[in-house]
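Peer 1: Numbering (our numbering), first residue to last: 852 to 1767. We put the beta carbon where it would ideally sit given N, CA and C, even for glycine. These numbers come from a predicted model, not from an experiment.
1. Starting from the Cα of residue 1687, find the closest Cα among 1674, 1701, 1657 and 1667 and give me that residue.
2. Taking buried to mean at least 16 other C-beta atoms within 10 Å of its own C-beta, is residue 1065 buried or exposed?
3. Quick one: Cα of residue 958 to Cα of residue 1173, how far?
4. Does the beta-carbon of residue 1626 have 16 or more other beta-carbons within 10 angstroms, so that it is buried, or is it exposed?
5. Give me the DSSP bridge partner(s) of residue 903.
6. Look up residue 1726 in the DSSP assignment and say whether it is helix, strand or coil.
7. On the CB-based measure, 16 or more other CB atoms within 10 Å of its CB, does residue 1054 come out buried or exposed?
8. Enumerate, from N- to C-terminal direction, the unbroken alpha helix (DSSP H) stretches of 4 or more residues contained entirely within the region 981-1017.
9. On the DSSP bridge assignment, give the partners of residue 1122 in chain order.
10. Please work out which residues of its chain come closer than 7 Å, Cβ to Cβ, to residue 1209, disregarding the five sequence neighbours upstream and downstream, and give them in chain order.
11. Going along the chain, which residues of its own chain have a beta-carbon closer than 6 Å to the beta-carbon of residue 1540, five neighbours each way excluded?
12. Count the other CB atoms, across all protein chains shown, that sit within 10 Å of the CB of residue 1479; report buried if there are 16 or more and exposed otherwise.
13. Can you tell which of 1660, 1334 and 870 has its C-alpha closest to the C-alpha of residue 1522?
14. Applying the 10 Å Cβ sphere with the 16-neighbour rule, what's the burial state of residue 1348?
15. Grouping DSSP H, G and I as helix and E and B as strand, with all else coil, what is residue 1523?
16. Do you know offhand how far residue 1770's Cα is from residue 1272's?
17. Any idea what DSSP makes of residue 1639, helix, strand or coil?
18. Quick check: the Cα distance between residue 1090 and residue 1280, rounded to an integer number of angstroms?
19. Using the Cβ count rule (16 or more neighbours within 10 Å means buried), how would you classify residue 1460?
20. Within its chain, find whatever has a CB closer than 8 Å to the CB of residue 1572; leave out the 5 residues flanking it on each side and keep chain order.
21. Who pairs with residue 1150 in a beta bridge, going by DSSP?
22. Where in the region 1562-1644 do unbroken runs of the beta strand (DSSP E), each at least 3 residues long, occur, reported from the N-terminal end onward?
23. Nearest to residue 1164 by alpha carbon, out of 1098, 969 and 1193?
24. Give me the DSSP bridge partner(s) of residue 881.
25. Reducing DSSP to helix, strand and coil, say where residue 908 ends up.
26. From the DSSP output, in three-state form, read off residue 876 for me.
27. List in chain order: all unbroken alpha helix (DSSP H) runs of 4+ residues lying wholly within the region 1250-1274.
28. Quick one: using the 10 Å Cβ neighbour count with 16 as the cut-off for buried, is residue 1056 buried or exposed?
29. Between residue 978 and residue 1028, is the Cβ-Cβ spacing less than 8 Å?
30. Which residues in the same chain as residue 1740 place their Cβ atom closer than 7 Å to its Cβ, once the five residues preceding and following it in sequence are excluded?
31. Counting only runs of 3+ residues fully inside the region 888-957, write out the beta strand (DSSP E) ranges in chain order.
32. Between residue 844 and the rest of its own chain, which residues show a CB-CB distance below 8 Å, the 5 nearest in sequence each way excluded?
33. Leaving out the 5 sequence neighbours to the left and right, which residues in its chain are closer than 6 Å to residue 1520 when beta-carbon positions are compared?
34. Would you please state the rounded distance, in angstroms, between the beta carbons of residue 1623 and residue 1593? I believe it to be under 8 Å.
35. Just to confirm, are residue 1018 and residue 1068 a CB contact at a threshold of 8 Å?
36. Less than 8 Å between the C-beta atoms of residue 1320 and residue 1356, yes or no?
Listed below in structure tokens is the structure:
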């Protein structure tokens, strides 16, 4: 029975009770060893009397076994596996080694959520995971994915982890309960119950003070409290060290056979059959474990040997000399079943001294299997150990490169860069060097200095001139780095080098190189759209050559973004995202999500864009990708500026400017100033907007960037016109018209025509604005189209053409409202009132009141998807979809999916009215 902990027990009881009535709960219980985390979890299990319970416990021996913790937790629920979506089922089955096939982090996480929610349909579910700091990283990531998405299911997830231990759940945004020591009254009761006899009050009080109320320390040291006072007077006690020493001393008092059997059990991890076989190989009677069981160190039950506390296992293992540990590992490796190749490889690696090609090969094979199952962090460790056991030379460099690649795929940039740097010493053959430079450049551009990355890959490309494909790949990376740096000159130089090499490259690299050359020309204002369009068309019909190259994935989304055309590459973007989202490594995902968010934000999918920007920023923070974080924040600021959300815009822009300034990410600062300028212009403050736009112009001039799409010239034309600076407005409009014409793309030509319309005489304004609207029809940017209609309506009203103005302003109000651009909608509505007409605005019941999550779920359901199909697409549970759907119904005042389709369809139709 748990002693004390009244407040903590109430917290647990509330979570369990809430799960019974369909409200999910998550709690991470943390604290030092022996503080009572396991006891609190046991209390939760005792409370869950009418619930299903799934339990798992992390173990040191399983930390490098991919998805070992997840398999332990999910085993009783696997009967539901065939009832979850097919792709999720296949990925989870692969991760758990139930069948062969690819698996990735997101799909496995989504499958875990789906399986648990299916299992909870029969009865409320309690998930209890002890020693979560010892879980293998892939299992911890799957549970973290699930924890963040539990909302309206009858599920409670309780995890316990040791403080001070690095693990995947540390620092995550999970509700946390930090346990401290029990009070003195509880300490006295704990000691009394354990000993069955009275203990001097002053002794308990002294021990309680020394061990800060740690319950396990109170139990173990009550008979000899002086062991906790061996340090200097007043010095803090390292409770875990004191307990480990006490456990080791207790183990040393066992007989020789019991100590040997206990060491084998500590080495193996708990499978009694394997422990018994290993003991036989060492000529040790496994029955000697009974002595350790009598001594309270282990329990033997159900084919398992369980240590009473992880510190006991650790103490037994670390107190044995190295030779005995190696013997134990060798015996365990020999005793493992034939299908346990991965665990055998790890045990053999602990059993040998010096180099061993056989062990190196076994570890490499284990690494490849782990990578194939999406367990990249485990794969990185296995590849690295394989390199350590193999002979120096090409094979070691290759394995270190594979280790670095796996670490980077797992989102561990510092570790990846260290491994890759080691692979270069001594210099390996050219193909290995090229691969190392590619990876290190990718890490530098995303997590360090894009300028350093640019210089690194350009130098590596010179070195790789004998390999045209390798050199072009590096130069493509250089052009991408130049984009974030807004460095047009360097981009052009890299593009010129690519153009010289393209005739000697394979088709896959030729497509990517052509795209990069086009982008370099665009950045410098030298055209380039035709090259990008050709590359996009080639990628749209390409075969699977290079399909696994992250560059292809990124450029397949970035190319259409450069074009900003409604008919160029839109299907490629959708297909790329559908194919890649669930199979993309963590290192690439923030980049991909950022580009996707940018695409969504420059169309009419703002709700999706907000969610995608947030996810990109979160993953970038988790993986240390400062460049993607700065760009996601800047993009988010721009979106919030258009939505009129001043506080969010300013806070995100401020953080983006700080990060971008520290790392030289000029594009991040440029977008931030653009966002702040748009925010002020949307709030009808042209003077304040002018200062931000001028900062942006200075940034672009510094990088010699003349890309029309990055220029705020159309906004400056409007600002100067409203401030009475007629000459400045006319000059900028004329200059920008030349830049836009040189680029030749609909988006920039539409903005140029609008700018010319702002300064045109009354008898010429229609031609400019009609031209602008015609160009807008060839883009997907609803916001820019609405801005043109607003500006057109203002000009028409001031030209005393009120009836004509109303037609444009009505459409502007409707589009701004549909998008959620509140400040711009207010401006358009005010202009419409000035014509003598009151705008019909959506009230709080309109879809503008929906959150991004609610809007996306409503759209999927209205399009005909089922609840389960929507849940799979959103990476949430069906109950969560139903929860959000109820909120949607309440906000829209509707009661059925038929009405939902009508509501969303009517609002979409408002934007499809014919031009006046």
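Peer 2: So, to answer that:
1. 1657
2. buried
3. 41 Å
4. buried
5. 976
6. coil
7. exposed
8. 988-1000
9. 1155
10. none
11. 1528, 1531, 1532 and 1570
12. buried
13. 1334
14. buried
15. helix
16. Nothing about residue 1770 can be reported from this structure: the residues present for the chain run from 852 to 1767 only.
17. helix
18. 51 Å
19. buried
20. 1580, 1609 and 1610
21. 1157
22. none
23. 1098
24. 1012 and 1029
25. strand
26. strand
27. 1264-1274
28. exposed
29. no
30. 1746
31. 903-908
32. Residue 844 lies beyond the residue range present for the chain, which begins at 852 and ends at 1767; the question has no answer from this structure.
33. 1508, 1511 and 1550
34. At roughly 18 Å, the Cβ-Cβ gap does not stay under 8 Å, so residue 1623 and residue 1593 are not in contact.
35. no
36. yes
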